[in-house]
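Undergrad: Chains A and B, in that order, give the protein sequences.
For the first sequence, position 94 matches number 94 in the working numbering, and the numbering has no gaps at all.
For the second sequence, position 233 matches number 1233 in the working numbering, and the numbering has no gaps at all.
Ideal Cβ positions, reconstructed from N, Cα and C, are used throughout, including at glycine.
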Amino acid sequence: MISLVEYSKDVKFSKIAHNYGKYWYKFRNNKLSLLGLGLIILFIALAALAPWISPYPSSAGLYVNFANSLKPPSLAHPFGTDELGRDVLTRVIFGFRYSFTLVGVVLGITVIPGVTLGLVAGYYVKRWFSVLIMRMADIFVAVPPLLLALAVASVMRPTLLHVMLAISLAWWPWYTRLVYSQTTTIRNEDFVRAARLMGASPIHIMFSEILPNELGSILTKISLDAGWVILIGAALSFVGLGAPPPTPDLGTMISEGSIYLPNFWWISVFPAIAVVLVILAFNLLGDGIRDMFSSSIR
Amino acid sequence: MNYAVNYVLKRLAYGIISLFGLSILVFVLARVLPGTPVDLARLALGPNASISAINTFIDELHLNAPLPLQYLYWIEGIFTGNWGISLVTKRNVLTDVIEFLPATLDLLIMTAIIILLISVPLGLVAGRMQNTFVDNVIRVITYVGIAVPSFVVAILLQLFLGYDLHLFPIIGQLSPGIAPPPHITGLYLIDGLITGDFGAWVNALWHLILPSFSLALGPIAQETRILRAAVVENQNRDFTLAETSHGLPEGLLTTRYLLKPSIIPMLTVYALDVSSVIANAFLVELIFDWPGFSRYGLNAMLSKDLNAIIAVVLVAGILFIIANTLVDFTVSRLDPRVSEEMGD
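Listed below in structure tokens is the structure:
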């Protein structure tokens, strides 16, 4: 996620809005990114339609069927069943719901304030509030996200909302820093000076002139971060500070299923593969977006 | 000439400001987030505390004072070593931290070494052999490395290399029956070397490999990709062409003249990753039953041991800031341009 600073150097200051066709063409060239995009669309569709397409929707909730417990993968249960007789495939599909909700909420409440703060701090560089914003960001960056999220989640009651808040708290400064460093460069470009000369308001310059040039690196970061948020969410649930049971959560499923390794491997291995695939898909997509906005195709 | 000095001073000042900010952040976590003073007292004393104990607690910590004043009392306690009593171990949490930290530092050192040992050669090879079969194999490895969570790696390694093949120990820091090396720093890797207790040293090293590798895999992938990108960029520069045309041997060119400018972007991320080991070690220490600082912190979090949670966040934050300041210095030594830009 850090190497973005490197990538962003390649981003040419061009008007993105007028070049959709060109960007799609570039994106399409990268087969791996197309695969990533396809996987993500598939997973989101699965998550959205979970109650209707999963084979045993009741397995997602409070459901016990000991007669059917610890069954290996079969046609009736492609991913097998867990210790309570719940269908693992169903719980994986519902697990995507939780993961994507987490990603949506966390990135939703971090990206917009993070980017706005970075724009303001970068545009008004060296003013007192700019310094204040960047020092604040430095402080939050000083605590590793997983640690901060764990600490907040443990001091407050572990509800889904608190988990999301905890992760968001650790996340916004990365956007602020990214946007800040680019804004301080772009603000001296000729087209920004021209806009200023024509009497454009600071708000217009920041959001309509500067921001579009940063979309490439912001979108790349969002895509790579989506994987990280899922990872941290899974880690929180793995230690029992995530969503409370019986919520079908991929991290919880891996942690609870790992007790039954290696004989009943399917309980934890399939959720683990699901987590790996989601993160991989987001990374492939992120690489594609980065290449799409960079000047040269490798 | 004064740029460098200026830069060092500036980074130090940033470090100190960050520490101050961290203290405020932790204070908010410790005193504000838990809720009212009574909530906080219950959190710190446990659910069965009596009313009088709660009142004494509130008085002792001045919880009814205004927040800025509370902060001063709190920071005074931090500096005088009065970090509060742990609910679980019933000792000063500072004592606990000092006892548990070395095991995690062992893990951190080993992880740091493994990351460098693997990612530098991989990154150099991938960059020099850009778009060949080898490069593609390394690319696939890095994708997998980034996508597989450390706790999944840990469980798999433990299961296959430890449980099935008996190549590595499954849990703990030393095999049963092996005495730890004499206590000097508390770090087995260092104590074993200093005192010449090589039996314990080798045993400790053997126990370190699986947990360290689980922690290292993600960073290895990340660093390899960054180094590869930098090598690809630098080998098309004029200085590489000049060195090649002077007949510099390929090996020397790659390991020396190409590595130095290319490793700089990697180092910043490397520092961040290594100092994050303390936070990411939570799950790995849990899985390998590692008697370290992160597992202590995790236990504290699960048992709502407020003072211990605070201590863990504070210490991890301090180590994180120190590590990053150190790397800024190193980078500025390697690349004089950095201090020239920042030192004015």
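Do methionine 292 (chain A) and lysine 26 (chain A) have their C-beta atoms within less than 8 Å of each other?
TA: The answer is yes: Cβ separation under 8 Å.
Undergrad: Tell me whether serine 1303 (chain B) sits in a helix, a strand or coil according to DSSP, three-state version.
TA: Here serine 1303 (chain B) sits in coil by DSSP.
Undergrad: List the residues of chain A that leucine 1159 (chain B) touches, going by C-beta distances under 7 Å, in chain order.
TA: Under the 7 Å cutoff, chain A gives Leu261 and Pro262.
Undergrad: Could you give the C-beta distance for leucine 1029 (chain B) and isoleucine 1310 (chain B), rounded to a whole number, given that I count them as a contact under 8 Å?
TA: The Cβ separation is near 7 Å, so the contact holds.
Undergrad: Please decide whether tyrosine 1143 (chain B) counts as near chain A, where near means a Cβ-Cβ distance under 8 Å.
TA: For tyrosine 1143 (chain B), the answer is yes, since a Cβ of chain A falls inside 8 Å of its Cβ.
Undergrad: Roughly how many angstroms lie between the CA atoms of alanine 121 (chain A) and valine 1005 (chain B), to the nearest whole one?
TA: Approximately 27 Å between the Cα atoms of the pair.
Undergrad: Label arginine 290 (chain A) either buried or exposed according to how many other C-beta atoms from any shown protein chain fall within 10 Å of its C-beta, with 16 as the threshold for buried.
TA: Looking at its Cβ environment, which holds 16 or more other Cβ atoms inside 10 Å, arginine 290 (chain A) is buried.
Undergrad: Going straight from the alpha carbon of aspartate 1344 (chain B) to that of arginine 1011 (chain B), what length do you get?
TA: For aspartate 1344 (chain B), the pLDDT reaches just 38, beneath the cut-off of 50, and the residue's location in the model is therefore unreliable, leaving the point undetermined.
Undergrad: With tryptophan 52 (chain A) as the anchor, note down where its alpha helix (DSSP H) starts and where it stops.
TA: Here the alpha helix (DSSP H) through tryptophan 52 (chain A) covers 50-53.
Undergrad: Quick check: is the beta carbon of valine 1088 (chain B) nearer than 8 Å to any beta carbon in chain A?
TA: False, the Cβ-Cβ gap to chain A never drops below 8 Å.
Undergrad: How close, in whole Å, do the beta carbons of aspartate 1096 (chain B) and threonine 1089 (chain B) come, if the pair is a contact with beta carbons under 8 Å?
TA: Correct: roughly 6 Å between the Cβ atoms.
Undergrad: Using a Cβ-Cβ cut-off of 7 Å (strictly less than) and excluding sequence neighbours within five positions of leucine 261 (chain A), which residues of its own chain qualify?
TA: Only Ser268 meet the Cβ criterion.
Undergrad: Can you find a C-beta in chain A that's less than 8 Å from the C-beta of valine 1140 (chain B)?
TA: No, valine 1140 (chain B) lies away from the interface with chain A (no Cβ there is under 8 Å from its Cβ).
Undergrad: Does the contact criterion of 3 or more C-beta pairs under 8 Å hold for the segment 1317-1325 of chain B versus the segment 1196-1207 of chain B?
TA: Result no; under three Cβ-Cβ pairs closer than 8 Å.
Undergrad: Let me know the secondary structure DSSP gives asparagine 1131 (chain B) once reduced to three states.
TA: Reduced to three states, the DSSP call for asparagine 1131 (chain B) is coil.
Undergrad: Expressed to the nearest angstrom, what Euclidean distance is found between the alpha-carbon atoms of serine 258 (chain A) and arginine 91 (chain A)?
TA: Going by the C-alpha atoms only, they are around 16 Å apart.
Undergrad: Excluding the 5 residues flanking glycine 1015 (chain B) on each side, which residues of the same chain have their C-beta closer than 6 Å to its C-beta?
TA: So the list reads Ile1321 and Thr1325, once near-sequence residues are dropped.
Undergrad: Does the beta-carbon distance from isoleucine 230 (chain A) to leucine 146 (chain A) come in below 8 Å?
TA: It is not a contact, given that the beta carbons lie outside the stated cut-off.
Undergrad: Would you call the CB atoms of alanine 1126 (chain B) and threonine 1224 (chain B) closer than 8 Å?
TA: Yes. Within cutoff.
Undergrad: Got a sec? Which residues, its chain only, sit under 8 Å from glycine 1162 (chain B) by beta carbon, not counting five neighbours each side?
TA: Cβ neighbours of glycine 1162 (chain B) beyond the five flanking positions: Phe1168, Pro1169, Ile1170 and Leu1210.
Undergrad: Using 10 angstroms around the beta-carbon of glycine 38 (chain A), count the other beta-carbons present and answer buried if the total reaches 16, otherwise exposed.
TA: That one is exposed.
Undergrad: Is leucine 150 (chain A) close to chain B, meaning its C-beta is less than 8 Å from at least one C-beta of that chain?
TA: For leucine 150 (chain A), the answer is yes, since a Cβ of chain B falls inside 8 Å of its Cβ.
Undergrad: Our contact map puts alanine 170 (chain A) next to alanine 149 (chain A) with C-beta atoms below 8 Å; I'd like the distance itself, whole angstroms only.
TA: Rounded, the Cβ-Cβ distance is 6 Å, consistent with contact.
Undergrad: Any Cβ of chain B within less than 8 Å of the Cβ of isoleucine 279 (chain A)?
TA: Interface residue, yes.
Undergrad: Distance, Cα to Cα, alanine 281 (chain A) vs isoleucine 222 (chain A)?
TA: Answer to the nearest angstrom: the Cα atoms are 13 Å apart.
Undergrad: To the nearest angstrom, how far is it from the Cα of isoleucine 1220 (chain B) to the Cα of valine 1313 (chain B)?
TA: Their Cα atoms are separated by approximately 25 Å.
Undergrad: Using a Cβ cut-off of 8 Å, pull out every chain B residue sitting near asparagine 283 (chain A), in sequence order please.
TA: Those within 8 Å of asparagine 283 (chain A) in chain B are Tyr1143, Ile1146 and Ala1147.
Undergrad: When you compare only the Cα positions, how much space is there between glutamate 1099 (chain B) and threonine 1185 (chain B)?
TA: Between glutamate 1099 (chain B) and threonine 1185 (chain B), the C-alpha separation is close to 10 Å.
Undergrad: State yes or no: is the beta carbon of leucine 339 (chain A) nearer than 8 Å to at least one beta carbon in chain B?
TA: Absent from the structure is residue 339 (chain A), since the part of chain A shown begins at 1 and ends at 298.
Undergrad: Tell me, please, which residues DSSP counts as bridged to asparagine 1092 (chain B).
TA: The partner list for asparagine 1092 (chain B) (beta bridge, DSSP) reads B:Ile1085.
Undergrad: Please tell me whether methionine 1129 (chain B) has its Cβ less than 8 Å away from any Cβ of chain A.
TA: It does not: the Cβ of methionine 1129 (chain B) has no partner Cβ on chain A nearer than 8 Å.
Undergrad: Keeping to the same chain, check which residues put their C-beta closer than 7 Å to that of asparagine 1307 (chain B); ignore five residues upstream and five downstream.
TA: Ala1044, Trp1083, Gly1084, Ile1085, Ser1086 and Val1093.
Undergrad: Taking Cβ-Cβ distances shorter than 7 Å, what residues in chain A pair up with proline 1034 (chain B)?
TA: Within chain A, the residues near proline 1034 (chain B) are Val155.
Undergrad: Check whether the segment 1145-1159 of chain B and the segment 1243-1258 of chain B touch, using three or more Cβ-Cβ pairs below 8 Å as the test.
TA: Counting Cβ pairs under 8 Å, fewer than three are found: no touch.
Undergrad: So with CB distances below 9 Å, who are the chain A contacts of lysine 1304 (chain B)?
TA: Chain A residues near lysine 1304 (chain B): Ser154 and Val155.
Undergrad: DSSP state of aspartate 1106 (chain B), grouped into three classes?
TA: Three-state result, aspartate 1106 (chain B): helix.
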